[in-house]
Amino acid sequence: MLVEELREITQIPGISGYEERVREKIKEWIEPYADYAVDTIGNLIVELGEGELKGIFMAHMDEIGLLITGIRPDGKLTFRKIGGIDDRLLYGRHFDVITENGKLDGVIGALPVHLNLERKFDTVPWRELVIDIGAESKREAEALGVKALDYAVFKKHFAVLNHRYVSTRSLDDRFGVVALIEAIKDLVDHDLDGRWIFAFTVQEEIGLKGAKFLAEHYTPKYAFAVDSFACCGDLTGDVKLGGGAVIRAVDNSAIYTRELARKVAEIASRNEVPLQIGVTGGGTDASAFQHKSEVLALSVPIRYLHSEVETLHLADLEALIKLIEAIAFEL
2 MLVEELREIT QIPGISGYEE RVREKIKEWI EPYADYAVDT IGNLIVELGE GELKGIFMAH
62 MDEIGLLITG IRPDGKLTFR KIGGIDDRLL YGRHFDVITE NGKLDGVIGA LPVHLNLERK
122 FDTVPWRELV IDIGAESKRE AEALGVKALD YAVFKKHFAV LNHRYVSTRS LDDRFGVVAL
182 IEAIKDLVDH DLDGRWIFAF TVQEEIGLKG AKFLAEHYTP KYAFAVDSFA CCGDLTGDVK
242 LGGGAVIRAV DNSAIYTREL ARKVAEIASR NEVPLQIGVT GGGTDASAFQ HKSEVLALSV
302 PIRYLHSEVE TLHLADLEAL IKLIEAIAFE L
C-alpha cells in the first residue's frame, strides 16, 4: 500500500511554484475521507476536530528542478536551478521537460572522455549547461511546445531495494505527503481534543513560502513539519535508516522546541513507536512558526537527499505515520 502510494506520488512532476499536478492527486486521495480547501498561495488544507486550534502538521508538495529561461538559436534550452541541486548531478542526465501540452524528453549532455584533450574533469557549473530536446533551431523547439517558464525534472526511476527500501527522486517531501494522507484517513472518524490542520504546502524548497503564508493566518499551539532528515554522515550521529522515525531537533533553520521534543518522545515511548533524535542540515516549514508556536520537525532518515536516488526505509515511514496519529490523539 505505502509502496504504491509512494510510487504514484513521486512520479508526478511539480517544482516550487508548479505544484498543481501534485495538488490534484492529493485532492483525489483526500476527497473520500475529508473536506479540503486551497488558499491563495496554493497550500491544500484539511481540518479535523473542532474548537480551539491545537496544532498544524505540514508536508511540502514541491520538489527541486529546473526552470526553463529561454531557447537558444540552436534549439537548446537554457535554465536556472530551483532549489538546492548539486551541479555534479546535472551532467549527463535525462530530464522530463514539462510543457503546458505534455512532456518532452530532454538530456543534459556530457563531453566524451575521448574529446577531453585537456583531461580536466572539474564540475561544470549549471550556467554553462543546456537541455537538448532534439531540436535544431529555436523555431523547431517552439513547434514542440516548449517555451520560457516551462520546467524540467530529473527523469524518475522507482526502485524497491531488498523488499524494505524505496529509492527514487522526490521522496523529499512526497513521503511526508503520504504520511499526512494516511494519518488523515485513520483520524477522520475519531474525536480529537481540539482542531488540527493538515497542510500540504507549496514553495518550501525556495524559502518556506507556503508555510510563511500559513503563519500569517494561523496561530496553533504546536507546529510540526513532516519533512526529510538528511542522512547519514558525521553531522547526523547515530541516526540510521531502519531505526524509526526521527525528531529533527536542530538544523540550519531552527533549534526546535526542546520541551515539545520531550513530549513527543514520551508519546512515542507510550505507543511503542521507534524513535530517533538527531541533528542535520537544511530547514523546514516548522521554523516559519517559531515566533508564535512550539515547533518541531518530524522525519524519516533519507539517504542521498536531493538526488535521483533518495532512499528511505519503509518501516521508518510506518513508524512516522503512527507517531503523527498518536500526537494528534494525545498531545
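With the numbering used here, the residue at position 285 of the sequence shown is 286, and numbering never jumps. Idealized CB from N, CA, C, for every residue including glycine. For clarity, every value in this text was computed on a predicted model and none was experimentally measured.
A residue is called buried when at least 16 other Cβ atoms come within 10 angstroms of its Cβ; Lys-293 does not meet this threshold and is exposed. Ranked by how close their Cα comes to the Cα of Ser-138, the residues Lys-77, Tyr-223, His-314 have Lys-77 in first place. Per DSSP, the unbroken alpha helix (DSSP H) holding Lys-323 starts and ends at 315-331. In the DSSP annotation of this structure, the continuous segment of the alpha helix (DSSP H) that includes Ser-270 starts and ends at 259-271.
Using a Cβ distance threshold of 7 Å, Asp-228 and Gly-177 count as a contacting pair. Excluding five sequence positions before and after Arg-170, the CB atoms of its chain that fall closer than 6 Å to its own CB belong to Phe-155, Lys-157, Glu-309, given in chain order. Closest option to Thr-41, judged by alpha-carbon separation, among Glu-21, Gly-52, Tyr-34: Glu-21.
If you check the CB distance, Ala-153 and Val-98 come in under 7 Å.
With 16 or more other Cβ atoms from the protein chains shown falling within 10 Å of its own Cβ, Pro-14 counts as buried. Annotation: the continuous alpha helix (DSSP H) that includes Arg-24 extends over 21-31. Under DSSP, the beta-bridge partners assigned to Glu-48 are Ile-198.
At a Cβ-Cβ threshold of 7 Å, Thr-312 and Gly-279 do not count as neighbours. Runs of the alpha helix (DSSP H) lying entirely within the segment 90-175 and spanning at least 4 residues, in chain order: 139-144. According to the DSSP secondary-structure assignment, Phe-214 is paired through a beta bridge with no residue. Rounded to whole angstroms, the gap between the alpha carbons of Val-147 and Thr-100 is 6 Å. Per DSSP, Thr-281 lies in no beta strand (DSSP E) and is assigned neither H nor E. In this structure, the straight-line span from the alpha carbon of Phe-201 to that of Ile-69 is close to 25 Å. Following the DSSP letters along the chain, one finds Thr-11 inside the alpha helix (DSSP H) bounded by residues 3-11. Judged by DSSP secondary structure, Ser-300 falls within the beta strand (DSSP E) whose first and last residues are 295-300. Boundaries of the beta strand (DSSP E) around Phe-80: 78-83. Boundaries for Lys-241: no beta strand (DSSP E) harbours it, and the DSSP string shows neither H nor E there.
A Cβ-Cβ distance of about 11 Å is found for the pair Ile-328 and Ile-248, leaving them out of contact under the 8 Å criterion.
In the displayed model, Ala-289 falls within a helix according to three-state DSSP. The beta carbon of Leu-306 lies closer than 7 Å to those of Asp-173, Ser-229, Ala-231 in the same chain, with the five residues before and after it left out.
Lys-55 carries a strand assignment under DSSP once its states are collapsed to helix, strand and coil. Scanning Gly-245, Asn-272, Gln-277 for the CA closest to the CA of Val-251 turns up Gln-277. Under DSSP, the beta-bridge partners assigned to His-61 are Thr-202. Ala-142 and Pro-126 have their alpha carbons spaced roughly 24 Å apart. Secondary-structure assignment with DSSP links Thr-312 through a beta bridge to Ser-168, Arg-304.
Contact between Ile-46 and Tyr-34 fails: their C-beta atoms lie close to 14 Å from each other, not under 8 Å.
Contact between Phe-225 and Met-59 is confirmed by a C-beta separation of about 7 Å, below the 8 Å threshold. In chain order, His-307 place their CB closer than 6 Å to the CB of Gly-85, counting only its own chain and leaving out the 5 sequence neighbours on each side. Rounded to the nearest whole angstrom, the CA to CA distance from Gly-50 to Ile-325 is 15 Å. By the beta-carbon neighbour count (other beta carbons within 10 angstroms, threshold 16), His-164 is exposed.
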